[in-house]
Amino acid sequence: MSEKKQQEETRSGRAVRRWLYAGLGALVLVLGGAYLYRIDAVNRLLGTAHEVGEAQQAGERSREAREKFRKTSEKLAASETNVANLAIPTGSDGFFAPPLEDEIPEDDFGESIRRGREIFLNPGANATEFVGNSLACANCHLDAGRRPNSAPMWAAAGMYPTFRGKNQMINTMEDRMNGCFTYSMNGSQSPSGGPPPPGHQIYKDLESYFHWLATGAPNRVDLPGSGYPTPDKPEADYDPARGEKVFEAQCAVCHGDDGQGRQDMNGRYAFPPLWGPDSYNWGAGMHRVNTAAGFIYANMPLGLPYSLSPQDAWDVAAYINSHERPPDPRQTGSIEEGDPGMSVAEAAERFHDHMGYYGREVRGTVIGAGQDAEPADAPSATGTVVPEQ
Ligand code: HEC
Ligand code: HEC
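Using full-length UniProt numbering, the first residue of the sequence shown is number 1, and each one after it goes up by one.
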């Protein structure tokens, strides 16, 4: 082989390799880009997120089911048919299909529904006085309370009043919402110092929204897709140390290495905090490992539901809930001796007979005393960016 030919060959070899690398690079870019596009990352961070494609498609598919329901119910009102013909509106995913936003009536009731929806999406801005962190109802009840297996509001609406073990009494829907304001939204550290008082317009508007979402749903039936579907506790139990690895690999990209979320250019959270002073408090349902495991299993990482194994979901739930967060408002006083009020140990015994780390020792420290939110510094008045659908 002549030297020239050899040179040519190595040159063409190099060219081929270069093309290969370029191709690989392009593939990585395309795949990475597709993932970011899927989760709407750019718009979330720019603060211009408007739609969740998946939710929109599901909406389209359920439109037909709702149309059929409306026609039968109109006939029913005109006594041309009987109740047996009235089918439950069901989406193509097999779950109940709530009405779409453009079906909100143009009347006074519709106004209340719209206000309720706005509060649900951004309580920091629309219920400012009663919110003590930077979360939104819709951060834990996804797609504005529409998504099955994300404790959707169409499933909750027909289940209240009911008896609740947590406070040992009959709870109306207002009482139930009061609970999420007090604990999940850390209302006890809000500007007003508590959740909205009984009978407040905020409850009425939220209840209008939920009641409307449940249009056509049967009353007092535990519908498929209600609550969070917690998988059975794995045989290997749950473990925050294992969970830390899951967190780093699957969650930190959005929620931050320190779990404190990420804010957009306007200072609003594009990705909400999972612990620390601006998250849900020690009394919230989400601090229970089993509850968080169910939410995470069915809903996180965002855009990739059911992608974690039950073991990983339990472990990562244990990890995020083994960090300090705002105090349980039922507990006053600190771990320090001589402080008046209920100690963490007492509160742990009275209120925390469940799977969680309140009052337990984690990585060498007893946690539960709580981290105070500072409403003045926290961007809570602007809340979290929740995409419109
Ligand atoms: C940090 C997450 C979180 C936030 C924020 C949150 N919730 Fe909840 N919510 C929960 C959990 C957990 C449950 C219990 C679900 C279960 O165990 O089935 C729940 C349950 C509910 C229920 C009863 C659901 C049912 O099926 O019985 C209602 C109603 C509700 N929340 C309303 C609200 C409202 C209104 C807001 C905002 C003011 C809100 N939530 C904010 C986590 C949250
Ligand atoms: C692609 C980005 C992304 C990834 C990855 C992701 N999340 Fe989330 N997460 C979100 C967003 C956005 C919300 C709020 C949902 C909404 O408002 O629609 C959220 C909400 C939550 C919430 C309820 C709100 C709160 O702040 O407590 C928890 C808990 C949670 N995520 C845990 C996790 C865990 C655990 C993982 C890893 C297994 C994870 N997330 C991965 C984007 C993400």
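In this text, a Cβ means the ideal position worked out from N, Cα and C, and glycines have one as well.
Not one heavy atom of ligand 1 sits closer than 7 Å to the Cβ of ALA77.
Contact between ALA155 and LEU223 holds: CB atoms are separated by about 5 Å, below the 8 Å threshold.
Placement of the Cβ of ALA125 at a distance of 7 Å or more from every heavy atom of ligand 1 is found.
By a beta-carbon distance limit of 8 Å, PRO89 does not contact ALA78. Their separation comes to about 19 Å. Taking non-hydrogen atoms of ligand 1 into account, the C-beta of THR72 is found less than 7 Å away from none of them. Listed in chain order, the non-local C-beta contacts of PRO123 below 7 Å within the same chain comprise VAL131, ALA136, CYS137, MET185 and GLY383, local neighbours out to five positions each way being set aside.
Taken through DSSP and simplified to helix, strand or coil, TYR269 comes out as strand.
About 6 Å separates the Cβ atoms of PRO327 and ASN281, confirming a contact at the 8 Å cut-off. Between PHE69 and GLY216, the C-beta gap is smaller than 8 Å, which places the two residues in contact.
A direct Cα-Cα distance of roughly 11 Å separates ALA87 from GLU67. DSSP lists ARG164 as the beta-bridge partner residues of MET169.
For TYR203, the enclosing alpha helix (DSSP H) starts and ends at 201-213. Check the Cα spacing between GLN371 and each of ALA41, GLY341, GLN331 and GLU349: the tightest is with GLN331.
Cβ atoms of SER192 and GLU235 stay farther apart than 8 Å, at about 46 Å. Here DSSP, grouped into helix, strand and coil, assigns VAL344 to helix. Secondary-structure assignment with DSSP links ARG262 through a beta bridge to PHE271. DSSP places MET153 inside the alpha helix (DSSP H), whose first and last residues are 153-156. GLU361 sits in a strand when the DSSP states are folded into three classes.
The alpha-carbon separation between ASN171 and GLY359 amounts to approximately 28 Å. Under the DSSP assignment, ARG242 falls in the alpha helix (DSSP H) whose first and last residues are 240-250. ALA317 is the residue among ALA292, ALA317 and GLY199 whose C-alpha sits nearest the C-alpha of GLU248. Per DSSP, reduced to three states, the secondary structure at VAL366 is strand. With 16 or more other Cβ atoms inside 10 Å of its own Cβ, TYR319 counts as buried. In this structure, DSSP gives THR332 a state outside helix and strand, which the three-state scheme calls coil.
PHE96 carries a strand assignment under DSSP once its states are collapsed to helix, strand and coil. Burial check for THR230: the Cβ neighbour count within 10 Å reaches 16 or more, so the residue is buried.
Per DSSP, reduced to three states, the secondary structure at THR90 is strand. Between the C-alpha atoms of ALA345 and GLN263 there is a straight-line separation of about 35 Å. The closest heavy atom of ligand 2 lies 7 Å or more from the beta carbon of MET177.
In terms of Cβ geometry, TYR209 and ILE113 form a close pair [threshold 8 Å]. Note that the region 144-154 touches the region 291-303; at least 3 beta-carbon pairs, one per stretch, sit closer than 8 Å. PRO272 has its alpha-carbon roughly 7 Å from the corresponding atom of ASN139. Taking 7 Å as the cut-off, the C-beta of LEU100 does not count as close to any heavy atom of ligand 2. Between the beta-carbon of MET159 and that of ARG220 there is about 7 Å, and that keeps the pair under the 8 Å contact cut.
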